[in-house]
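Chains as they are written, first to last, in this note's numbering: chain A, 118 to 257; chain B, 118 to 257. Ideal Cβ positions, reconstructed from N, Cα and C, are used throughout, including at glycine. Just below is one structure, and these are the notes that go with it.
2 protein chains.
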Amino acid sequence: MRSPEELTVAFRSAGLKVTPQRQLLFRLLHDNSSHPTADSLHSAATAVMPGISLRTVYQTLTDLAEMGELQSIEVGSGSLRFDPNVSDHHHAVCDGCGDVHDVYVSKAPVLRGLDDFSVSDAHIVYRGQCGACSALVATK
Amino acid sequence: MRSPEELTVAFRSAGLKVTPQRQLLFRLLHDNSSHPTADSLHSAATAVMPGISLRTVYQTLTDLAEMGELQSIEVGSGSLRFDPNVSDHHHAVCDGCGDVHDVYVSKAPVLRGLDDFSVSDAHIVYRGQCGACSALVATK
DNA sequence: TTGCTAATTAGCAATTGATGCAGATAAGGT
DNA sequence: ACCTTATCTGCATCAATTGCTAATTAGCAA
C-alpha cells in the first residue's frame, strides 16, 4: 500500500474524497504488518478519533482493496484480515496466539492431478507455532 | 472418509448413536468430491428425507470432522466446505463457477523469510478457470 | 470567500453462516 | 420390553458484514 500522501492524491483523482477518517485509516494501515481485522482497526482508530464508525472502516477498507492498495485474506479466524503488503507472498498462522506472519516461498509449487485448469493465483496458508508460543509450551 | 458401514461401527464404539439421519449423511458424503457446504448437503438430504434439520447436518459434520473423517476447508466462498478426502492434498477454486477441485502438489513448498516458526501444516488454494469456464469465455 | 453538488459518515436494520439451548424422541445395551 | 442417554428439531442467539438513509462535508467553481 502506498503512503498516506500518495493515497490522498490517488483518492482525489479517482473522484473520491479524502476525509479525516480516511486519513487516519491510511496512517493506521501504512506499514502495518499485523494483518488487522476491520474490528481491530476500528478499535485502533477509536483511540485516536472517538466516534468513528465501524461502517466507515469497512467502507474505506473496501475502497482500498478495490484500488489494489491492500489485499484481504482469510485464514480461518472467522473474520477477514487486511494486508497492506500487496507483494506476492503467503501467510503463516500461529495456532497458539493466532498471529499472522508474511512468508515468501522460493518457487511456486507445481501442481499435479489437474489437467484442465488454468491457474491465475495461488495462496498458501501455513499453520504451526510461532517462536514465542513454542517457548511458552516448552516451559509448561 | 470411511464407508457408511465402517462409520456405523466407528460411531457406535465411540458411544455415538447411528440414526437414519446420520446414515443418510454418511451415504451422501461417501465418495463425494463436490466439497459441499452444510447448506447444500442439507438440500441434498432434504430431497431424500424431508424434514431433516439443518442443525442435524451441522452437528453430524462437526462429529465427523472431530473424528478425522472429513476436513473442513475455507476457500473464500463465505461458508465452510467439507471434504471427505482426508489425504494430503490442496484445492483449486474456479473463479467462474466456484467449483472446488482436489489437487496434489509434487513437493511441499519451502518457505523463506521466517526463521522462528515451526510449520505443522500447509494448505494451498489455487484460483483460476476450470476447463468448462475457459471454454465458455472463449466462445463469448 | 461563498455556494453548490455529489460523496461520505454514522447509526441502525437486515442478512448470512453458524452455534447454543431445551423439550420431545429414539437408539441400543441390558 | 425397558431404561438410560444421545440425538433431533425448532428456535433463539451470535458474530461478521452489508444495505439503507438523513445529515454532513469535501472539494470544485464562481
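Query, Result
"Neighbouring residues, chain A, relative to Phe-234(B) (Cβ below 9 Å)", "Ala-209, Cys-211, His-218, Val-220, Tyr-243, Gly-245, Gln-246, Cys-247, Gly-248, Ser-251"
"Asp-216(B) versus Phe-234(B), Ser-194(B), Asn-202(B), residue with shortest Cα-Cα distance", "Ser-194(B)"
"Contacts that His-152(A) makes with chain B (C-beta to C-beta distance below 8 Å)", "By Cβ distance, chain B contributes nothing, its closest Cβ being about 14 Å from His-152(A), past 8 Å."
"Touch test, the segment 151–159 of chain B against the segment 173–183 of chain B, Cβ-Cβ under 8 Å, three pairs minimum", "yes"
"Beta carbon proximity, Arg-187(B) to chain A, threshold 8 Å", "Looking at the sequence shown, residue 187(B) is not Arg but Leu. For Leu-187(B), the answer is no, since every Cβ of chain A falls outside 8 Å of its Cβ."
"Residue closest to Leu-145(A), alpha-carbon to alpha-carbon, out of Leu-178(A), Val-192(A), Cys-211(A)", "Leu-178(A)"
"Coarse secondary structure for His-152(B), derived from DSSP in three states", "coil"
"Chain-ordered neighbours of Ala-239(A) on chain B, where CB pairs are closer than 8 Å", "Ile-241, Val-242, Tyr-243, Arg-244"
"Stretch pair the segment 130–148 of chain B + the segment 243–257 of chain A: three plus CB contacts closer than 8 Å", "no"
"Within chain A, partners of Glu-123(B) - CB distance below 9 Å", "Near Glu-123(B) there are no residues of chain A at all, since even the closest Cβ is about 25 Å away, more than 9 Å."
"Host alpha helix (DSSP H) of Ala-127(B) (start-end)", "121–130"
"Per-residue DSSP class, three states only, for Gly-248(A)", "helix"
"Whole-Å CB distance - Cys-214(B) paired with Phe-234(A), under 8 Å assumed", "The pair is not a contact, with the Cβ atoms about 12 Å apart (cut-off 8 Å)."
"Any 3 or more C-beta pairs closer than 8 Å across the segment 197–211 of chain B and the segment 201–215 of chain A", "no"
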